[in-house]
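J.:
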Amino acid sequence: MEEPPSFHWYLKIIQFTCTTKMIPFNWNPKTRRFLPAGRRKLREKFLIKFVEVVLFSFTIFSFFRLLANIGKDRTEFPLFMKVVNISWLIASVVITIVSVQNNILRNDVMEYGNTLMAKLTKNGIAQDVNTLWTAIFLLVLNPVPHALVASHSPCAPNLLSSIVLDCRAINDRVLDGEIITKVLLAVWESYFMSIIFFVAFVEWSFVYLGVSLMTQELDSIREKKIQFTDSVDTFVAIKRIMHLLNCALHPYLAIFSILILAICSVLLFGTIRLWDEDILAITVFPFCAVRCGFETFSQIMIGGKVKCASGNLLHFWAMDPVLVKEKWARKAFKCWAKSGVKVKAGDFYAFSRHKTADSIHDFIAETLDFLVTFY
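Residue numbers for the sequence shown follow the working numbering, so the first one is 36 and each next one is one higher.
Here's what the structure looks like:
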């Protein structure tokens, strides 16, 4: 079966992130597997450490620069730049946590990634083609609004240019300086933005595509009316993959629905508050919020679907006459049916359809709180 173009480009993105060591692995394009990186080659070790240092240093830099300027009034520190700085700081925190996760849990993440690639290569992504295209489209276009913001506000506190160039005030826009300096700053900001965008995309794909495949397998067993005794091996394999996902991406699963939705709330607040004051706010902020919202809600919803699919399958199996007659089958069913298949955010909660509604409610409530507090 011919693979869809979206999957081809997805693999290219994976290869790019591995080559640049945005994620700490090597990539074999022939076998489509992740390989250990940084054990022997000095270049690989350097790139992995360099990405870590960049994320840590600029997250700390953005935090203290924002802290030093947040108390200034709107003439000195415009609301547009405050929204940009707060959103960018939260995004940096999320990706820094993901980077730490990918390094500390490197073996688990690599094992899950290889399991996912094997499943994707075997089963394909027929049901997720449009979703993957949407994610790739948003990834490709994402640098455009951020480049507009950087060129519009070179003295924003979260940008390195704010301390390198001759910034007399935060809202300075036309600055003196060597062309080569400005070019180097543009390259640097582009590199940092690329780390944020690509790592976020890869992490989203690991969760969404993996959970989607597991959901499809569970639904397929029920649709084909395969009873428990004939499909227990498949069910156990799915549970093992889900357990690996929950362990390998534990930090990301625990924070993404909270912090990325916080970014959406800040951006929506900025859009509403500045809609008649700054044309850039009503073009840049909604686009950034769309990508953040898409990646967040798609993961929450697919997490709810797999739990629902697992519950439906267990209910179907409970009607199996063999479970009534055979004691061993009944015991095995009770053992594997205790928890089902769930995406879990550590010990905090498991994703469900109720979580989607709760997240939408929290998103709206948080935005309204911003509007009431900072109008």
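From the three backbone atoms N, C-alpha and C, an ideal C-beta is built for every residue, glycine too. Computed from a predicted model, the values in this text were never measured in an experiment.
Secondary structure at TRP62, three-state DSSP: helix, strand or coil?
T.: Counting from 1 along the sequence shown, the entry for residue 62 is found at position 27. Strand, per DSSP.
J.: Considering Cα atoms alone, identify which of PHE233, PHE112, ARG100 is closest to LEU176.
T.: Locating residue 176 in the sequence shown gives position 141, counting from the first residue. Comparing Cα positions, the closest option is PHE233.
J.: Would you tell me roughly how many angstroms separate the C-alpha atoms of LYS56 and PHE98, rounded to the nearest one?
T.: Locating residue 56 in the sequence shown gives position 21, where the first residue counts as 1. Locating residue 98 in the sequence shown gives position 63, where the first residue counts as 1. For LYS56 and PHE98, the distance between alpha carbons rounds to 25 Å.
J.: CB-CB under 6 Å to PHE263, same chain, minus the five flanking residues each way: which ones, in chain order?
T.: Taking the first residue of the sequence shown as position 1, residue 263 is located at position 228. So the qualifying residues of the chain are TRP352, ASP355, PHE368.
J.: Counting only the same chain and skipping the five closest in sequence on each side, list residues whose C-beta sits under 6 Å from that of PHE320.
T.: In the sequence shown, counting from the first residue as 1, residue 320 sits at position 285. Within the same chain, PHE320 has close Cβ partners LEU302, GLY305, THR306.
J.: Just verifying my parser: in three-state terms, what is the DSSP assignment at PRO71?
T.: Taking the sequence shown and counting its residues from 1, one reaches residue 71 at position 36. Of the three classes helix, strand and coil, the one that applies to PRO71 here is strand, per DSSP.
J.: Between which two residues does the alpha helix (DSSP H) containing PHE136 stretch?
T.: By 1-based counting over the sequence shown, the position of residue 136 is 101. For the record, residue 136 in the displayed sequence is Gln; it is not Phe. Per DSSP, GLN136 belongs to the alpha helix (DSSP H) from 114-139.
J.: If ARG326 and LEU173 are in contact, beta carbons under 8 Å, what's the gap, nearest whole angstrom?
T.: Translated into positions along the sequence shown, residue 326 becomes position 291. Translated into positions along the sequence shown, residue 173 becomes position 138. Between LEU173 and ARG326 the Cβ distance is about 4 Å, and since that is below 8 Å, they are a contact.
J.: Taking the alpha-carbon positions, what's the LEU426 to PHE227 distance?
T.: The shown model of the chain, from 36 to 410, leaves out residue 426, and the question about it has no answer.
J.: By the three-class DSSP mapping on this structure, what secondary structure does THR55 have?
T.: Here residue 55 refers to the residue found at position 20 of the sequence shown. Coil, per DSSP.
J.: Please classify TRP123: is it buried, with 16 or more other beta-carbons within 10 angstroms of its beta-carbon, or exposed?
T.: Residue 123 sits at position 88 when you count from the first residue of the sequence shown. By the 10 Å Cβ count, TRP123 comes out buried.
J.: Thinking ALA191 and ILE205 are a contact (beta carbons under 8 Å), I'd like their distance in whole angstroms, please.
T.: Locating residue 191 in the sequence shown gives position 156, where the first residue counts as 1. Locating residue 205 in the sequence shown gives position 170, where the first residue counts as 1. Contact holds; Cβ gap of about 7 Å.
J.: Let me make sure I understand the geometry here. Which of GLN334, GLN251, ILE214, LYS362 has the alpha-carbon closest to that of LEU155?
T.: Residue 155 sits at position 120 when you count from the first residue of the sequence shown. The shortest Cα separation from LEU155 among GLN334, GLN251, ILE214, LYS362 belongs to GLN251.
J.: By Cβ distance below 6 Å, which residues in the same chain neighbour SER188 in space, the five residues on each side in sequence not counted?
T.: On the sequence shown, position 153 is the one that residue 188 refers to. So the list reads MET116, once near-sequence residues are dropped.
J.: Short check: CB of ILE132 to CB of TYR287, under 9 Å?
T.: The residue given as residue 132 occupies position 97 in the sequence shown. The residue given as residue 287 occupies position 252 in the sequence shown. Yes, Cβ-Cβ distance for ILE132 and TYR287 is below 9 Å.
J.: Look at the alpha carbon of TRP363 and the alpha carbon of TYR147, and state the distance between them as a whole number of angstroms.
T.: Position 328 of the sequence shown, counted from the start, is the residue given in the question as residue 363. Position 112 of the sequence shown, counted from the start, is the residue given in the question as residue 147. Answer to the nearest angstrom: the Cα atoms are 31 Å apart.
J.: Beta-carbon within less than 7 Å of ALA372's beta-carbon, same chain only, minus the 5 sequence neighbours each way: which residues are those?
T.: Your numbering for residue 372 matches position 337 in the sequence shown. Here the set comprises LEU349.
J.: For my contact list, THR391 and ILE317 are in at a C-beta cut-off of 8 Å; report their separation, rounded to the angstrom.
T.: Here the question's residue 391 lines up with position 356 in the sequence shown. Here the question's residue 317 lines up with position 282 in the sequence shown. Rounded, the Cβ-Cβ distance is 27 Å, inconsistent with contact.
J.: Can you tell me whether GLN50 is helix, strand or coil according to DSSP?
T.: By 1-based counting over the sequence shown, the position of residue 50 is 15. In this structure, GLN50 counts as helix in the three-state DSSP scheme.
J.: Are VAL237 and ILE48 close, meaning C-beta to C-beta below 9 Å?
T.: Residue 237 sits at position 202 when you count from the first residue of the sequence shown. Residue 48 sits at position 13 when you count from the first residue of the sequence shown. Against a cut-off of 9 Å, the Cβ pair of ILE48 and VAL237 comes out as a contact.
J.: Quick check for students: name the residue ranges of the alpha helix (DSSP H) that lie wholly in the region 303-365, counting only runs of 4 or more.
T.: Counting only runs of 4 or more, we get 316-353, 356-360.
J.: Look at the Cβ atom of LEU253, then the Cβ atom of ALA103, and state whether they are nearer than 9 Å.
T.: For the purposes of this step, residue 253 is taken as the residue at position 218 of the sequence shown. For the purposes of this step, residue 103 is taken as the residue at position 68 of the sequence shown. Not closer than 9 Å, so no.
J.: Which of the three DSSP states, helix, strand or coil, is assigned to GLN162?
T.: In the sequence shown, counting from the first residue as 1, residue 162 sits at position 127. Helix, per DSSP.
J.: Look up ASN149 in the DSSP assignment and say whether it is helix, strand or coil.
T.: What you label residue 149 is simply residue 114 of the sequence shown in a count that begins at 1. Reduced to three states, the DSSP call for ASN149 is helix.
J.: Please go through the same chain and pick out, in chain order, the residues whose beta-carbon is closer than 7 Å to the beta-carbon of PHE398, but skip the five residues on each side of it.
T.: As a working mapping, residue 398 is identified with position 363 in the sequence shown. Excluding sequence neighbours, PHE398 sits near LEU296, CYS299, SER300.
J.: Quick check on HIS181: buried or exposed, where buried means 16 or more other Cβ atoms within 10 Å of its Cβ?
T.: Residue numbering aside, residue 181 sits at position 146 when the sequence shown is read from its first letter. When all chains shown are included, HIS181 counts as buried.
J.: Among residues of its own chain, excluding the 5 on either side of LEU46, which ones have a beta-carbon nearer than 8 Å to its beta-carbon?
T.: Taking the sequence shown and counting its residues from 1, the one referred to as residue 46 is at position 11. Hits under 8 Å: PRO64, ARG67.
J.: With respect to the alpha helix (DSSP H) encompassing GLY245, which residues constitute its N-terminal and C-terminal limits?
T.: One-based indexing of the sequence shown puts residue 245 at position 210. Start and end: 214-258.
J.: Would you say the region 126-145 touches the region 268-288, given that touching needs at least three Cβ pairs under 8 Å?
T.: With the cut-off at 8 Å, the region 126-145 and the region 268-288 touch.
J.: Between ALA272 and SER127, what straight-line distance do the alpha-carbon atoms span, to the nearest angstrom?
T.: Translated into positions along the sequence shown, residue 272 becomes position 237. Translated into positions along the sequence shown, residue 127 becomes position 92. Cα to Cα, the separation comes out at about 35 Å.
J.: Check whether the Cβ atoms of ASN120 and ASN165 lie closer than 9 Å to each other.
T.: Here residue 120 corresponds to residue number 85 of the sequence shown, with the count starting at 1. Here residue 165 corresponds to residue number 130 of the sequence shown, with the count starting at 1. No, Cβ-Cβ distance for ASN120 and ASN165 is not below 9 Å.
J.: Hey, out of SER229, GLY106, LEU248, VAL129, whose CA is closest to ALA161's CA?
T.: Looking up residue 161 in the sequence shown gives position 126. The shortest C-alpha separation from ALA161 is found at LEU248.
J.: Determine the DSSP secondary structure at SER188, reduced to helix, strand or coil.
T.: For the purposes of this step, residue 188 is taken as residue 153 along the sequence shown, with counting starting at 1. Correct three-state label for SER188: coil.
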